[in-house]
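Student: Quick one: the structure is below, questions incoming.
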Amino acid sequence: MRDAQASPTPASETRFAQIEIRGRRVELEYAWVLPENPGPLLVFLHEGLGSLKMWRGFPRSLCAAAGARGLVYSRAAYGESSPFWPDDHWPLDFMHVEARELLPGLLAALGVDPATEPPILLGHSDGASIALIHAASFPGKVEAVIAMAPHIFVESIGLESIAETRRRFLDDDLGRRLGKYHQDVQRVFWGWANIWMHPEFPSWEIRSLLRHIRCPLLLLQGYDDVYGTMAQIEGIAALTAATTVKLENCGHSPHVDQPQQVIEAVCRFLAPRREPKLRDRQ
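Structure below.
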């Protein structure tokens, strides 16, 4: 995890959407990125300790290069968004709830109709898993998925790295650094760490859902990722029509470690989907 250097959008353009899920009202922090662009809509889903601001300038750089529009948001409890779960003990299916209830609620609140204009989901880590679950749950309502360092099952290397991250949060300055990007960093961190370290979480997997995905997939993984191995994207590619990109000198955050390679790969992937959108808007 690296400190953010720039927000994907000026703070003055950050807004809040109110949604109601399971009888609870949630306010989600969001921002549009280059909404004047004529291309498809990219929805950015951050990682387990991320937020809108921690994407830094990547969404703007990618949308500018691809001619796309962007929607960046902080999931419930992250960034400036209000919490959904009442405490820091999340359920084992928290990513399924994010994918099937909170994300559709946000899109509806913002007037995005996936039935008429399916978005492209770009997710990182937990956000990539949420994107895959959403695409599997709503086939026909997602144009494509771009998954960076996704999780489809739990690996021991990931659990070991999360245990080390927990140690750094307790003993080093990780909590202070994260605190600059989250209204309640304790809730964010322990919600994420407690569920991943839960004794039943090693049985979590979404491989059984992948056969329901109908849209094209772009999968990106770094060889130096300490939270997951190439088995993650290879497992997806074995069950779906996916394009894989394996990155040298790259850890868990491809958009941070190799941003230009990621942008070029995404632009190549989006090119056949971008041209029809441009013609429709002209």
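All residue numbers for the sequence shown refer to our numbering, where the first residue is 34 and numbers rise by one. Here a beta-carbon is modelled for each residue, glycine too, at the ideal position from N, C-alpha and C.
1. Taking the beta carbon of Gln-315 as the centre, do at least 16 other beta carbons fall within 10 Å, making it buried, or is it exposed?
2. Ordered along the chain, which non-local residues of its own chain (more than five positions away) have a Cβ less than 6 Å from that of Gly-160?
3. Out of Leu-243, His-231 and Met-230, which has the shortest C-alpha to C-alpha gap to Pro-183?
4. For the segment 143-159 and the segment 174-194, state whether three or more C-beta atom pairs, one from each stretch, are separated by less than 8 Å.
5. Just to confirm, is the Cβ distance from Pro-172 to Ile-269 under 8 Å?
6. Do Gly-191 and Gly-261 have their C-beta atoms closer together than 8 Å?
7. Identify every residue that forms a DSSP beta bridge with His-157.
8. Counting Cβ pairs, one atom from each stretch, are 3 or more of them under 8 Å apart for the segment 105-122 and the segment 131-144?
9. Compute the beta-carbon to beta-carbon distance between Lys-174 and Ala-148, rounded to the nearest angstrom, for a pair I have assumed lies under 8 Å.
10. Going along the chain, which unbroken runs of the alpha helix (DSSP H) with 4 or more residues stay wholly within the segment 260-309?
11. Since Ile-52 sits in a beta bridge, which residues does DSSP pair it with?
12. CA-CA distance, Leu-125 and Leu-82?
13. Nearest to Arg-200 by CA position, among Phe-222, Ile-185 and His-215, is which residue?
14. In the DSSP assignment, the alpha helix (DSSP H) including Gly-138 goes from what residue to what residue?
15. Alpha helix (DSSP H) containing Gly-224: first to last residue?
16. Kindly indicate which three-state DSSP category Ala-64 falls into: helix, strand or coil?
17. Going straight from the alpha carbon of Val-295 to that of Phe-302, what length do you get?
18. With a threshold of 7 Å on Cβ separation, who are the neighbours of Ala-99 within its own chain once the five nearest residues in sequence on each side are excluded?
19. Alpha carbons only, please: which of Leu-143, Gly-255 and Pro-119 is nearest the one belonging to Val-289?
20. Which whole-angstrom value is the C-beta distance of Asp-257 and Gly-284, which I expect to be below 8 Å?
21. So Tyr-251 packs on Ala-274, CB below 8 Å; how close in whole Å?
22. In angstroms with no decimal places, state the Cα-to-Cα distance between Leu-207 and His-122.
23. Between Leu-67 and chain D, is any beta-carbon pair separated by less than 8 Å?
Tutor: So, to answer that:
1. Within the sequence shown, the letter at position 282 stands for residue 315. With a pLDDT of 46 at Gln-315, under the threshold of 50, the modelled position of this residue cannot be trusted; read the value that follows with caution. Around the beta-carbon of Gln-315, fewer than 16 other beta-carbon atoms lie within 10 Å, marking it exposed.
2. Numbered from 1 along the sequence shown, position 127 holds the residue referred to as residue 160. These residues qualify, in order along the chain: Leu-78, His-79 and Glu-80.
3. Your numbering for residue 183 matches position 150 in the sequence shown. Each of Leu-243, His-231 and Met-230 was checked against the Cα of Pro-183, and the nearest Cα belongs to Leu-243.
4. Between the segment 143-159 and the segment 174-194 there are three or more inter-stretch CB-CB distances shorter than 8 Å, so the stretches are counted as touching.
5. For the purposes of this step, residue 172 is identified with residue 139 of the sequence shown, where counting begins at 1. For the purposes of this step, residue 269 is identified with residue 236 of the sequence shown, where counting begins at 1. Not in contact: Pro-172 and Ile-269 (Cβ atoms no closer than 8 Å).
6. Working through the sequence shown from its first residue, we reach residue 191 at position 158. Working through the sequence shown from its first residue, we reach residue 261 at position 228. With a cutoff of 8 Å on beta-carbon distance, Gly-191 and Gly-261 are scored as near each other.
7. For the purposes of this step, residue 157 is taken as the residue at position 124 of the sequence shown. Paired residues: Met-181.
8. As far as the Cβ criterion goes, the segment 105-122 touches the segment 131-144, which means the pair count is three or higher.
9. On the sequence shown, position 141 is the one that residue 174 refers to. On the sequence shown, position 115 is the one that residue 148 refers to. In this structure, Lys-174 and Ala-148 form a Cβ contact; the two beta carbons are roughly 6 Å apart against a cut-off of 8 Å.
10. Correct list: 264-270 and 287-290.
11. If you number the sequence shown from 1, residue 52 lands on position 19. In DSSP, Ile-52 forms a bridge with Val-59.
12. On the sequence shown, residue 125 is found 92 positions in, with the first residue counted as 1. On the sequence shown, residue 82 is found 49 positions in, with the first residue counted as 1. When rounded, the distance between both Cα atoms is 17 Å.
13. Here residue 200 is taken as the residue at index 167 of the sequence shown, counted from 1. The shortest Cα separation from Arg-200 among Phe-222, Ile-185 and His-215 belongs to Phe-222.
14. Taking the first residue of the sequence shown as position 1, residue 138 is located at position 105. Where Gly-138 is concerned, the enclosing alpha helix (DSSP H) stretches over 136-142.
15. For the purposes of this step, residue 224 is taken as residue 191 along the sequence shown, with counting starting at 1. For Gly-224, the enclosing alpha helix (DSSP H) stretches over residues 218-229.
16. Here residue 64 is taken as the residue at index 31 of the sequence shown, counted from 1. DSSP places Ala-64 in the strand class (E or B) of the three-state scheme.
17. Against the sequence shown, residue 295 aligns to sequence position 262. Against the sequence shown, residue 302 aligns to sequence position 269. So the alpha carbons of these two residues sit roughly 10 Å apart.
18. Taking the sequence shown and counting its residues from 1, the one referred to as residue 99 is at position 66. Answer for Ala-99: Gly-72, Val-299, Cys-300, Leu-303 and Arg-307, listed in chain order.
19. Residue mapping note: residue 289 aligns to position 256 of the sequence shown, counting from 1. Of the listed residues, the one whose Cα sits closest to Val-289 is Gly-255.
20. Indexing the sequence shown from 1 puts residue 257 at position 224. Indexing the sequence shown from 1 puts residue 284 at position 251. Right, the Cβ-Cβ distance comes to about 5 Å (below 8 Å), so this counts as a contact.
21. For the purposes of this step, residue 251 is taken as the residue at position 218 of the sequence shown. For the purposes of this step, residue 274 is taken as the residue at position 241 of the sequence shown. First, the residue type needs correcting, since residue 251 is Leu and not Tyr in the sequence shown. Cβ-Cβ separation between Leu-251 and Ala-274: approximately 11 Å, too far for a contact (criterion under 8 Å).
22. What you label residue 207 is simply residue 174 of the sequence shown in a count that begins at 1. What you label residue 122 is simply residue 89 of the sequence shown in a count that begins at 1. Leu-207 and His-122 have their alpha carbons spaced roughly 21 Å apart.
23. Judged by its chain identifiers, the structure shown contains no chain D, having just a single protein chain.
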